[in-house]
C-alpha cells in the first residue's frame, strides 16, 4: 500500500478520536477552573449563581424546595441536552461524518436514556426524601425555601493543589485513552474495556446502574438533599 | 473484538484504582484533599458547568450503553 493513503488514514483516525477527547478534557478543566474561580472569589464580590435577582424569601417569594429543585433539574437537563446535540452536530459536520444514522442515534438514544433515567430518579428521590424525614434533616441542610443557598459555613474549601491533583489524575486517564486512540500497540481504549465488561449481562446491568447512580448523585441528590459545595 | 495484552487492561485498573484511592483519602479527612463531590461541586455551581457535566454524563451513557449494542440484551 502506498505511504500517502496510510498517512491520510492515520490523520483521519487521529482527528476523529483525539480531537473530541482533547476537547472534552479542556472543556471539563475549563469548567473546573471557572467554578473554582467563583468559589475562591471574595464573598462580597460573589454573586450566587442561579440565584434569582428578584425579591427573596423575605420579599414574599417562597417556593417549595421540590418545585425549585424541579425547575433547576429541568433547566440542567434542557441545557445539557441542547449542548450535547450542538457538540454532536458540530462534530458530525466539522470533524467526521461518522456514518448514516449517527445524528439520529444521538438524538433518540440520549432521549431514550433520559426516559429510562427519569422514573428511576423520581423513585430514588421519593425514597431518599422518606428516609431523610425519618432521620431528621441534616445539620447543614439549607432551608426549604432557599433554591441555591449562599456559601454556607459547612462548605469545604481546599488548597488549590488538592484540586490540581484531581486534574492530574483525570489528565492521566485522558492521556491513556489518547494513547489507545492513537493506536499505540497493546493499549486498549476505555471503550474496549467497557466492551469486555458488557459481554456479560451482569456487567451490562452493573454499568447501567453505575451510570444511573452517578447521574442521580450529580444532578438530583446534590440539589435536593445536600448542601451546595 | 480486538484483544490486547493483560497489561493494557491492568493499566486501566491502576488508573481507576488511583482515582478511588485518592477519593478514599479525601473521604477519610486528609487535610487539603477535596473529594470528587467537592470537585464536581465547583463545576456544578454555575449553569454552564451543570450543562457541560450533564452533557458529558449523557454522552457517556449513549456511547457506552447504546451505540452498537442491543440495549441491555445480548450483543
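Chains as they are written, first to last, in the numbering used here: chain E, 548 to 776; chain L, 1476 to 1550.
Note that beta-carbon positions come from the ideal geometry of N, C-alpha and C, so glycine has one too.
Just mark residue i as buried or exposed, buried being the case when its beta carbon has 16 or more other beta carbons within 10 Å.
i: residue 732 of chain E; result: exposed
i: residue 549 of chain E; result: Confidence is the limiting factor: at residue 549 of chain E the pLDDT is only 49, short of 50, which leaves the residue's position unreliable, though a coordinate-based value still follows. Residue 549 of chain E should be labelled exposed.
i: residue 638 of chain E; result: buried
i: residue 757 of chain E; result: exposed
i: residue 1536 of chain L; result: buried
i: residue 767 of chain E; result: buried
i: residue 629 of chain E; result: exposed
i: residue 769 of chain E; result: buried
i: residue 640 of chain E; result: exposed
i: residue 1520 of chain L; result: buried
i: residue 653 of chain E; result: buried
i: residue 611 of chain E; result: exposed
i: residue 664 of chain E; result: buried
i: residue 723 of chain E; result: buried
i: residue 683 of chain E; result: exposed
i: residue 727 of chain E; result: buried
i: residue 737 of chain E; result: buried
i: residue 1501 of chain L; result: buried
What would DSSP say about residue i, mapped onto helix, strand or coil?
i: residue 1499 of chain L; result: helix
i: residue 745 of chain E; result: coil
i: residue 636 of chain E; result: helix
i: residue 1510 of chain L; result: coil
i: residue 648 of chain E; result: coil
i: residue 732 of chain E; result: coil
i: residue 1479 of chain L; result: coil
i: residue 1519 of chain L; result: coil
i: residue 705 of chain E; result: coil
i: residue 1494 of chain L; result: helix
i: residue 584 of chain E; result: helix
i: residue 618 of chain E; result: helix
i: residue 643 of chain E; result: coil
i: residue 662 of chain E; result: helix
i: residue 672 of chain E; result: helix
i: residue 715 of chain E; result: helix
i: residue 738 of chain E; result: helix
i: residue 683 of chain E; result: coil
i: residue 1542 of chain L; result: coil
i: residue 577 of chain E; result: helix
I'd like to check one pair, residue j with residue i: are the Cβ atoms closer than 8 Å?
i: residue 1509 of chain L; j: residue 626 of chain E; result: no
i: residue 1479 of chain L; j: residue 647 of chain E; result: no
i: residue 1518 of chain L; j: residue 578 of chain E; result: yes
i: residue 725 of chain E; j: residue 583 of chain E; result: no
i: residue 1539 of chain L; j: residue 754 of chain E; result: yes
i: residue 763 of chain E; j: residue 649 of chain E; result: no
i: residue 1515 of chain L; j: residue 765 of chain E; result: yes
i: residue 1504 of chain L; j: residue 705 of chain E; result: no
i: residue 1527 of chain L; j: residue 621 of chain E; result: no
i: residue 1494 of chain L; j: residue 716 of chain E; result: yes
i: residue 1531 of chain L; j: residue 657 of chain E; result: no
i: residue 642 of chain E; j: residue 567 of chain E; result: yes
i: residue 712 of chain E; j: residue 1487 of chain L; result: no
i: residue 1525 of chain L; j: residue 655 of chain E; result: no
i: residue 721 of chain E; j: residue 587 of chain E; result: no
With 8 Å set as the bound, which would you pick, yes or no: does the beta-carbon of residue i sit closer than that to a beta-carbon of chain E?
i: residue 1483 of chain L; result: yes
i: residue 1495 of chain L; result: no
i: residue 1492 of chain L; result: no
i: residue 1547 of chain L; result: With a pLDDT of only 43 at residue 1547 of chain L, under 50, the local geometry of the prediction cannot be trusted, and the value read off the model is given with reservation. So, interface residue.
i: residue 1502 of chain L; result: no
Please report whether the beta-carbon of residue i lies at a distance below 8 Å from any beta-carbon of chain L.
i: residue 641 of chain E; result: no
i: residue 644 of chain E; result: no
i: residue 741 of chain E; result: yes
i: residue 669 of chain E; result: no
i: residue 763 of chain E; result: no
i: residue 688 of chain E; result: Its pLDDT being 47, under 50, residue 688 of chain E is placed unreliably in this model, and the value from its coordinates should be taken loosely. No - not a single Cβ of chain L is within 8 Å of the one on residue 688 of chain E.
i: residue 613 of chain E; result: no
i: residue 638 of chain E; result: no
i: residue 657 of chain E; result: yes
i: residue 623 of chain E; result: yes
i: residue 769 of chain E; result: yes
i: residue 760 of chain E; result: no
i: residue 735 of chain E; result: yes
i: residue 728 of chain E; result: no
Identify the contact partners of residue i in chain B, using a Cβ-Cβ distance below 8 Å as the criterion.
i: residue 713 of chain E; result: No chain B appears in the structure shown, which is made up of the protein chains E and L.
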